[in-house]
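Written out below as structure tokens is the structure these notes cover.
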Amino acid sequence: MSSGWSEYDMPSLDGQTVVVTGANSGIGYESTRAFAAKGATVVMACRSTERGERAAAEIAATVPDADLDVRECDLGDLSSVEAFADSFTADYDELHVLCNNAGVMALPRGETTDGFERQFGINHLGHFALTGHLLETLAATDGARVVTQSSTAHEQGQIDFDDLQHEESYGRWEAYGQSKLANVLFGYELDRQADDADLDVTSVVCHPGYADTDLQRRAGASQGGVVGAIGGAVMQAVNVVVAQPQEQGALPMLYAATDDSISGGEYVGPGGFMDMRGAPAVQDSSDRSYNRATATRLWEVSEELTGVEYAFEVPVAAD
Numbered sequence: 102m103s104s105g106w107s108e109y110d111m112p113s114l115d116g117q118t119v120v121v122t123g124a125n126s127g128i129g130y131e132s133t134r135a136f137a138a139k140g141a142t143v144v145m146a147c148r149s150t151e152r153g154e155r156a157a158a159e160i161a162a163t164v165p166d167a168d169l170d171v172r173e174c175d176l177g178d179l180s181s182v183e184a185f186a187d188s189f190t191a192d193y194d195e196l197h198v199l200c201n202n203a204g205v206m207a208l209p210r211g212e213t214t215d216g217f218e219r220q221f222g223i224n225h226l227g228h229f230a231l232t233g234h235l236l237e238t239l240a241a242t243d244g245a246r247v248v249t250q251s252s253t254a255h256e257q258g259q260i261d262f263d264d265l266q267h268e269e270s271y272g273r274w275e276a277y278g279q280s281k282l283a284n285v286l287f288g289y290e291l292d293r294q295a296d297d298a299d300l301d302v303t304s305v306v307c308h309p310g311y312a313d314t315d316l317q318r319r320a321g322a323s324q325g326g327v328v329g330a331i332g333g334a335v336m337q338a339v340n341v342v343v344a345q346p347q348e349q350g351a352l353p354m355l356y357a358a359t360d361d362s363i364s365g366g367e368y369v370g371p372g373g374f375m376d377m378r379g380a381p382a383v384q385d386s387s388d389r390s391y392n393r394a395t396a397t398r399l400w401e402v403s404e405e406l407t408g409v410e411y412a413f414e415v416p417v418a419a420d
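One gets this note's numbering by counting positions in the sequence shown from 1 and adding 101 to each.
So, in structure tokens, the structure goes:
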């Protein structure tokens, strides 16, 4: 891999279909634009279709031939996730890349529609359910990839099976770290199980480093009032000084989704200063993220919580 890898090094994606969650802003927006510029049909899975349509119009203004399909998908509502998957599979026979990108960060405790702690429910369980619903279509597509967005915050995360929903004790950064560790554990376990079932589905995990997106500002402002105003201003100032542009932050996901060197089970992030910026590189994640016993237990608990059981013995299209 060249140290100068950029979106211009992506191969042609003509004839391919890509799903990006959270496609209307930040890393999702930049990835959608880059996929579309390379010829892919991009299904923009957005909680707000109004914001999704605005983002699609902006992308189309710079990528005139962009093939964009905006659809509602609220990762905090499992019925919305299932409805999105049902509508997608009704209209598309193939899915070449699924980017599990959307997320929330360091919010005060809240619950999803289904009663899950909000960060764990949206960042992990919503994507776990979505991938499971789309598995048959992924398996029927030659060379399909699932790319799950994590964060360096996973390094401080722990999976607390005794208080998974943080009902007894809640720290917003601790809950965020748990959700991001869950992303890595899920991505690795998905790749292992797909390999064991001899499915042509590759699972990769990535992180954007420190990218200048609205995620940090929303996290800083989320406490409301004067504290929230100060927090938002501080995060914005840090972004100006430290963060790389969101276009650069999208590169690890684009690399994980398209580069020929990816074989499955990698963790991709910026290869520059403190893994916060720079061109994408394959890295090591935390020691906890490689614990297979934790990954297996998390998988089983996630199936129980979501009601989505992965059918790895799925019918695969004949050659």
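Ideal Cβ positions, reconstructed from N, Cα and C, are used throughout, including at glycine. Please read all numbers here as calculations on a predicted model, not as lab measurements.
Same chain only: Cβ atoms within 7 Å of A358, ignoring 5 sequence neighbours per side
Only V198, C200, R246, V248 meet the Cβ criterion.
Go ahead and label F262 buried or exposed: buried means 16 or more other beta carbons lie within 10 angstroms of its beta carbon, across all protein chains shown.
It is exposed - the Cβ of F262 has fewer than 16 other Cβ atoms within 10 Å.
Please report the Cβ distance between L282 and G258, rounded to the nearest whole angstrom; I am assuming they are in contact, meaning their Cβ atoms lie under 8 Å.
Rounded, the Cβ-Cβ distance is 3 Å, consistent with contact.
Residue-level contact to chain B via CB, A412, 7 Å cutoff
Structure shown: chain B not included; a single protein chain is present.
Look at the alpha carbon of V171 and the alpha carbon of G227, and state the distance between them as a whole number of angstroms.
When rounded, the distance between both Cα atoms is 18 Å.
Measure the alpha-carbon distance for S107 versus A380 and round it to whole angstroms.
One Cα belongs to S107, the other to A380, and the distance between them is close to 7 Å.
Taking R398 as part of the alpha helix (DSSP H), name the residues at either end of that continuous run.
Run containing R398: 393 to 407, per the alpha helix (DSSP H) assignment.
By the DSSP assignment, the alpha helix (DSSP H) with M354 in it spans what residues?
In this chain, the alpha helix (DSSP H) harbouring M354 covers 352 to 359.
Return the first residue and the last residue of the alpha helix (DSSP H) that R293 is part of.
Segment 273 to 297, the alpha helix (DSSP H) holding R293.
What beta strand (DSSP E) runs, 3 residues minimum, are completely inside the stretch 121 to 160?
Scanning the stretch 121 to 160 from its first residue to its last, the whole beta strand (DSSP E) runs of 3-plus residues come out as 142 to 147.
Between the C-alpha atoms of S113 and E268, what's the straight-line distance to the nearest angstrom?
Roughly 47 Å separates the two Cα atoms.
Would you mind sorting A419 into buried or exposed? The rule is 16 or more other CB atoms within 10 Å of its CB.
For A419, the pLDDT reaches just 46, beneath the cut-off of 50, and the residue's location in the model is therefore unreliable, although a value from the coordinates is still provided. Result: exposed.
Less than 7 Å between the C-beta atoms of T169 and A157, yes or no?
Note that residue 169 is Leu in the sequence shown, not Thr. It is a contact, given that the beta carbons lie within the stated cut-off.
Going by C-alpha to C-alpha distance, which of E159, I160, T118 sits closest to V144?
Comparing Cα positions, the closest option is T118.
Please find out if some non-hydrogen atom of the ligand COA comes closer than 6 Å to the beta-carbon of Y109.
This structure does not include the ligand COA; it has no bound ligands of any sort.
Where the beta strand (DSSP E) containing D170 begins and where it ends
Segment 168 to 173, the beta strand (DSSP E) holding D170.
Coarse secondary structure for A186, derived from DSSP in three states:
When DSSP states are grouped into helix, strand and coil, A186 belongs to the helix group.
The beta strand (DSSP E) that contains T214, what's its start and end?
From DSSP, T214 is part of no beta strand (DSSP E); its letter is neither H nor E.
For Y109, count the other beta carbons within 10 Å of its own beta carbon; 16 or more makes it buried, fewer makes it exposed. Which is it?
Under a 10 Å Cβ-count criterion, Y109 is classified as exposed, with fewer than 16 other Cβ atoms of the shown protein chains found around its own Cβ.
Is there contact between the stretch 345 to 362 and the stretch 393 to 401, where contact requires at least three CB pairs shorter than 8 Å?
Judged by Cβ distances under 8 Å, the stretch 345 to 362 makes no contact with the stretch 393 to 401, as fewer than three pairs qualify.
Residue span of the alpha helix (DSSP H) that contains L239, given as start and end:
Segment 228 to 240, the alpha helix (DSSP H) holding L239.
At which residues does the beta strand (DSSP E) containing A382 begin and terminate?
That run of the beta strand (DSSP E) goes 381 to 384.
Would you call the CB atoms of T190 and T150 closer than 7 Å?
For the pair T190 and T150, the CB atoms are not nearer than the 7 Å cut-off.
Between which two residues does the beta strand (DSSP E) carrying P309 extend?
No beta strand (DSSP E) contains P309, which DSSP labels as neither H nor E.
With H, G and I counted as helix, E and B as strand and the rest as coil, what does DSSP make of G370?
Three-state result, G370: strand.
Buried/exposed call for A46, threshold 16 Cβ in 10 Å:
With the chain covering 102 to 420 only, the question about residue 46 has no answer from this structure.
Near R422, which residues of its chain fall below 8 Å by C-beta distance, leaving aside the five closest residues on each side in sequence?
Nothing can be reported for residue 422: it is not among the residues displayed for the chain, which extend from 102 to 420.
When you compare only the Cα positions, how much space is there between E154 and T133?
Straight-line Cα distance between these residues: approximately 13 Å.
Figure out for me which residue from Y193, A241, Y311, K139 has the closest Cα to the Cα of G372.
Looking at the Cα atoms, Y311 is the closest of the given residues.
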